[in-house]
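Below: one structure, written as structure tokens.
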Amino acid sequence: MKTVVSVSQGSSEYDYDLETSFLGQPFRIIRIGTDCDLSRAEAVLESVHTQADAIGLSMVHDHYEVGREQLEHPDTARLEACVPDKPVTTGAGLRAILQEWAVRHTQSELGHFFDNARVLFMNGQAGYRIARALSEHTDNLLFADPYTDFGVPRLLTSLKQLETYTSLTAPIMFRPAAVKAVETILRTPLYRLGENLVKGSLHHAVSEAHVIVASIGDLENFTAKELDGKTVITSRVTDAAMDWMRSRKVAMVVDYSPWLEGRPVGVNVMEAMISAALSRTPDQLGPDDYLDVIQSLGIEPRILYPDGYRRVNRFAFVIHPLSQQYLTKTPPLDWVANVSPPVVMNLVEKAIAYSPPFIYSKVSGIRSPNGDEVEGWLITVGGTPREIMAHGPEFTYARLLQAAKLAKKLGAQIMGLGAFTKVVGDAGITVAKRAPLPITTGNSYSASGALWAAHDAMKKIGRVSIGPSGKAAGKAMVVGATGAIGSVCARLLAKAVDEVYLAAPEPAKLLALKESIEQETPGAIVHVAGSAERDLADMDMIVTATSGAGKRILDIMKVKPGCVITDVARPLDIPAEDVAKRPDVLVIESGEIQLPGKVHMKDIGLPKGIAYACLAETIVLALEARFENFTLGRNIEWEKVREIYKLGLKHGMKLAAISGVNGVFTEEDFERVRVLAASAEETQAEESQAEGSSTPA
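Positions 815 to 1511 (our numbering) are the ones given, in order, by the sequence shown.
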């Protein structure tokens, strides 16, 4: 029987003595804790090394390799010198493999998990291999070594900075005299006072991180508020450690340590066992030796969820002030607006358009029924629609790319474009090509949400019967049916309304679209026309989706009372003054979405927990971990409209509100349209009857 002794600087409370089989050989493993007493550890090593075939050193520093620096820790070297005639190891070789594999395994298993994540290393030198693996997926690497080594309130923010820091501090940190000096300084009252101030900064760094690489002991002083939703990469996660993680609301744990006999085993023990079994020193072990052991024992990293499945993804969404009026609601511009003439606010509006992007609101609390969560940021660019349209596309592109860089730094994995930022130039295509993260305009869900809202509005007004299947017994028209959005709306309406009328000045395209819809939706009744005028008065629902901004595309005075008009064009097809002429008609601008979970977000002009459909699309993609360019350009794909609608339902999205040019419609608004439409129809019937009776025989 071969014997492996693990001498640990940790507590003797966790000592054990067990027998097991390893690589077909019987083994005895003894763990001896020395309670942070280096002299005692030396004495233990001298007393046990004769009976051991190999020795592992636990809770001591590895000899690190950081960049070009080879770092030999004096305390570890001192303990190794006590055992000149037996294999002795800290497990550095095996640890490096398992740490890197943990990252690659998690990224492969969960898909894009570490993309753009903010990763905080409590000890960057110890986690250098993990950092190198993570650098393939994110640039947001943060290292707390200056805090933990010297109490300096500064984070290193790249691998290059870590390597430079190590080359500068290694002569100090890894000399025996220097180690003793640092230990003496750490005991001084003045340092303790400074340390309390530094801890505040370190706590903030933990709060802002998404992934933390640390030993469990390094996290003991952090609260549930700071660790809520975090992923921790660590080792030797016992049941007690999982209970502690659960109490701190940690979302996920990646454990890279091997297990043996139902318990986590230190990599120092495992590497010592490999050395003993193969009769080789750790320096003589090669990749094949490690691979054979890992595969034969079925060792793999563990992905653990302390309180059930929970994954937190991240998004950003770009907003901007929709008018000068919005600017006057923002301190201190509200004060400027009150005391200045309009000409001053015009100048302010122009100046704000040149301001750099900034964070308007952190968004949290969005949770899908399946356990996926997202958090994100609303990022403001300063231009109003007037200013955006007054400049060339490159002006807005530049600000959107600045916003994308900010989003990446924050850790967002996808960014959505809101309001006029998504109609500038080529509608997101150029931005997506240049941005450092995926982009979507949200127009697929906007089209879906608007039609969803229109169908719901028809139910609320109650002038068209809805069958058991949800299909409306009425007539619907799409104006601009051959366009990108119009054709999508036509396909959706064919499934939701008895008869569909397609209007556009392109006969050949209309015929092809009609044929495609009839094949796709058997039984659909589809009519085509070169303009809307002929059939306008018979429609129960009208969707306008033209690209002729500023042109009047229909005469609202000819529309049937009680008709629901959905304007999905951007800019809008139907001006506010036309809407005001027909209070007996409901003109819908958008359908807003109720987000799942307990949403925390600053006011965006909607009730709490409700978002515009374009924002909801970005959130749905984040929940689904679909970090890709989704809706771009003016040619919206029918398949994507259908897909985002289904994904929204999967993640608990619901239609929450129906909006017009004056904001969200209330139940009183629907009732008013219903009453006015009935009255208008009654008046029309009386006039028609009077005309009939006055006609001479």
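Here a beta-carbon is modelled for each residue, glycine too, at the ideal position from N, C-alpha and C.
Go through its chain and collect everything with a Cβ distance to residue 968's Cβ below 6 Å, but skip five positions before and after it. 960.
Look up residue 1469 in the DSSP assignment and give the residues it is bridged to. Paired residue(s): 1407.
Which of helix, strand or coil does DSSP assign to residue 926? If DSSP states are grouped into helix, strand and coil, residue 926 belongs with coil.
Could you tell me whether the region 1344-1360 touches the region 1296-1304, using the rule of 3 or more Cβ pairs below 8 Å? Remark: three or more beta-carbon pairs, one from each stretch, lie closer than 8 Å, so the region 1344-1360 and the region 1296-1304 are flagged as touching.
Below 6 Å CB to CB, which residues in the same chain sit around residue 1064 once its five sequence neighbours on both sides are set aside? For residue 1064, where only same-chain residues beyond five positions count, the Cβ hits under 6 Å are 1041, 1044, 1046 and 1120.
Rounded to the nearest angstrom, how far is the Cβ of residue 973 from that of residue 940, given a contact under 8 Å? Not a contact, Cβ separation roughly 14 Å.
For the region 1472-1479 against the region 1383-1401, are there 3 or more C-beta pairs whose distance is under 8 Å? Touching, yes.
Give me the DSSP bridge partner(s) of residue 833. Beta-bridge pairing links residue 833 to 842.
Check the DSSP bridge columns for residue 1186 and list the partner residues they point to. Note: residue 1186 sits in a beta bridge opposite 1125.
On the three-state DSSP scale, how would you describe residue 1131? In this structure, residue 1131 counts as strand in the three-state DSSP scheme.
Below 7 Å between beta carbons: does that hold for residue 893 and residue 931? It is not a contact, given that the beta carbons lie outside the stated cut-off.
Quick one: Cα of residue 984 to Cα of residue 1166, how far? Their Cα atoms are separated by approximately 48 Å.
How far does the alpha helix (DSSP H) with residue 1462 in it reach, from first residue to last? Membership of residue 1462 in the alpha helix (DSSP H) is indicated by the continuous run 1452-1464.
Can you grab the Cα-Cα spacing for the pair residue 1059 / residue 1256, in whole Å? About 37 Å.
Out of 1468, 1471, 1431 and 1467, which one is the CA nearest neighbour of residue 1454? The candidate whose alpha carbon is nearest that of residue 1454 is 1431.
Go ahead and pull the three-state DSSP assignment for residue 889. Looking at residue 889 - three-state DSSP - the assignment turns out to be helix.
Residue 1313 bridges to which residues according to DSSP? In the DSSP secondary-structure assignment, residue 1313 is bridged to 1289 and 1339.
Residues near residue 876 in its chain [Cβ-Cβ closer than 6 Å; skip 5 each side]: 904 and 906.
Buried versus exposed call for residue 954 [16 or more other C-beta atoms within 10 Å across all chains shown]: Buried: at least 16 other Cβ atoms inside 10 Å.
Rounded to the nearest angstrom, what separates residue 1441 and residue 915 at their Cα positions? Distance between the alpha carbons of residue 1441 and residue 915: 23 Å.
Is residue 905 helix, strand or coil when you go by DSSP? Coil.
In terms of residue numbering, what span does the alpha helix (DSSP H) encompassing residue 1032 cover? Residue 1032 -> no alpha helix (DSSP H), and no H or E assigned at all.
Integer-rounded CB distance, given that residue 1416 should sit under 8 Å from residue 1175: About 4 Å separates the two Cβ atoms, so the contact holds.
Pick helix, strand or coil for residue 1234, following the three-state DSSP scheme. In the three-state reduction of the DSSP assignment, residue 1234 falls in the helix class, which pools H, G and I.
Exposed or buried, residue 1351, counting other C-beta atoms within 10 Å across all chains shown (16 or more means buried)? Looking at its Cβ environment, which holds fewer than 16 other Cβ atoms inside 10 Å, residue 1351 is exposed.
Can you tell me the Cα-Cα spacing of residue 1130 and residue 1189, whole angstroms? Roughly 9 Å separates the two Cα atoms.
Under the three-state reduction of DSSP, which class applies to residue 1068: helix, strand or coil? Under the three-state reduction of DSSP output, residue 1068 falls in the strand class.
Rounded straight-line distance, which links the Cα of residue 962 to that of residue 1412: Whole-angstrom Cα-Cα distance: 36 Å.
Less than 7 Å between the beta carbons of residue 852 and residue 897, yes or no? The answer is no: Cβ separation not under 7 Å.
Opposite residue 1381 in the DSSP bridges: which residues? Residue 1381 has 1358 as its beta-bridge partners, per DSSP.
Decide if the region 1334-1350 is in contact with the region 1259-1269; the criterion is three or more beta carbon pairs, one per stretch, under 8 Å apart. By the criterion of at least three beta-carbon pairs nearer than 8 Å, the region 1334-1350 is not in contact with the region 1259-1269.
Taking the C-alpha atoms as reference points, what is the distance between residue 813 and residue 833? Since the first residue shown for the chain is 815 and the last is 1511, residue 813 is missing from the structure and cannot be characterised.
Are the region 1269-1281 and the region 1479-1499 in contact at 8 Å, needing three or more beta carbon pairs? Yes, they touch.
Anticipated Cβ contact below 8 Å, residue 1424 with residue 1470, distance rounded: Rounded to whole angstroms, the Cβ separation of residue 1424 and residue 1470 is 5 Å, and the two are in contact under 8 Å.
With DSSP run on the structure shown, which of helix, strand or coil describes residue 1087? DSSP places residue 1087 in helix when its eight states are reduced to three.
Do you know how far the Cα of residue 1137 is from the Cα of residue 1307? Annotation: residue 1307 to residue 1137 spans about 33 Å, alpha carbon to alpha carbon.
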